[in-house]
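In this note's numbering, the protein residues as written are 3 to 265. We put the beta carbon where it would ideally sit given N, CA and C, even for glycine. In what follows, a structure is listed as structure tokens, so that the remarks can point back to it.
Put into structure tokens, the structure is as follows:
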């Protein structure tokens, strides 16, 4: 699991618009007065990125959008090291071209970087069906993510695996003060919170509450590259798990120990 490599592509306005419509009524976002203003932060960027890490190391992470209206996502996007690709819409009523640019980049990257094992596309547009066919023909897995209310079913069916945004966002976005949001100081994260997040994400992916112990640490390292057992006065990962018996259950599996959350 630790050697797998993932490329993530976000059709950012598409997924944001889906959440906007879910909250305000179908078609609400498409009205010019709603699109041409600073957007509120609706999308849980961190949860999507965390989920992507369960498939492997994120080597490419690109988001496509007309970013002038999405400044409130700045901190969340920086935190997840998302490369922002600016799309200038050709007209007020025309498609923004993000899906075309995204598809071309994804195919080019697959050809240029054969070590990429899986492609994750965040967006529910049926225009991605040809991309799915090309990616799978190249021998790669294509994982799609979209909202339940707006995802095209033919697009979902064309993927190797498809997840609805609502089903794996483990926790809602935490309310951060502006001071906390802009802080660049590295802090040692709470180990129970970090391990729990990794276990939840893997369990959502596999559909089993019991997670193979060896699968957890690589995901934890992707969630927090500064993670080290010594930060918590432990020599091994197993020792760290045993340190919190009220939070984690451990049992012997067929080839390795299995871990699940308590409560």
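- Assignment of residue 74 by DSSP, reduced to helix, strand and coil, places it in the helix class.
- Comparing alpha-carbon positions, the option among 204, 123 and 90 lying closest to residue 56 turns out to be 204.
- Boundaries of the alpha helix (DSSP H) harbouring residue 156: 155-160, taken from the DSSP string.
- In this structure, the alpha-carbon of residue 53 lies about 31 Å from that of residue 33.
- With at least 16 other beta carbons inside 10 angstroms of its own, residue 72 counts as buried.
- Shown here, residue 40 sits in coil according to DSSP, grouped into three states, outside any helix or strand.
- In the DSSP assignment, residue 9 is bridged to 62 and 121.
- Here residue 261 carries a strand assignment [DSSP, helix/strand/coil].
- Put simply, the backbone Cα of residue 142 is about 32 Å away from that of residue 23.
- The three-state secondary structure of residue 246, taken from DSSP, is coil.
- The three-state secondary structure of residue 143, taken from DSSP, is strand.
- Remark: three or more beta-carbon pairs, one from each stretch, lie closer than 8 Å, so the stretch 105-124 and the stretch 8-25 are flagged as touching.
- Taking every protein chain shown into account, the CB of residue 30 has fewer than 16 other CB atoms within 10 angstroms, so this residue is exposed.
- For residue 127, no alpha helix (DSSP H) run applies, since DSSP gives it neither H nor E.
- When secondary structure is reduced to three states using DSSP, residue 214 falls in the strand class.
- Only residues of its own chain outside the window of five on either side were considered, and among them 74, 75, 78 and 175 have a CB closer than 8 Å to the CB of residue 43, listed in chain order.
- Pairing residue 252 with residue 211, the inter-Cα distance amounts to about 12 Å.
- Take the alpha-carbon of residue 8 and the one of residue 60: they are about 5 Å apart.
- For residue 14, the uninterrupted alpha helix (DSSP H) run begins and ends at 14-26, by DSSP.
- Assignment of residue 166 by DSSP, reduced to helix, strand and coil, places it in the strand class.
- Burial check for residue 258: the Cβ neighbour count within 10 Å stays below 16, so the residue is exposed.
- The beta carbon of residue 162 is closer than 6 Å to those of 143 and 144 in its chain, skipping five residues each way along the sequence.
- In the DSSP assignment, the residues bridged to residue 86 are 65.
- For residue 112, the enclosing alpha helix (DSSP H) begins and ends at 100-114.
- Counting the other CB atoms within 10 Å of its CB gives residue 58 a total of 16 or more, which places it among the buried residues.
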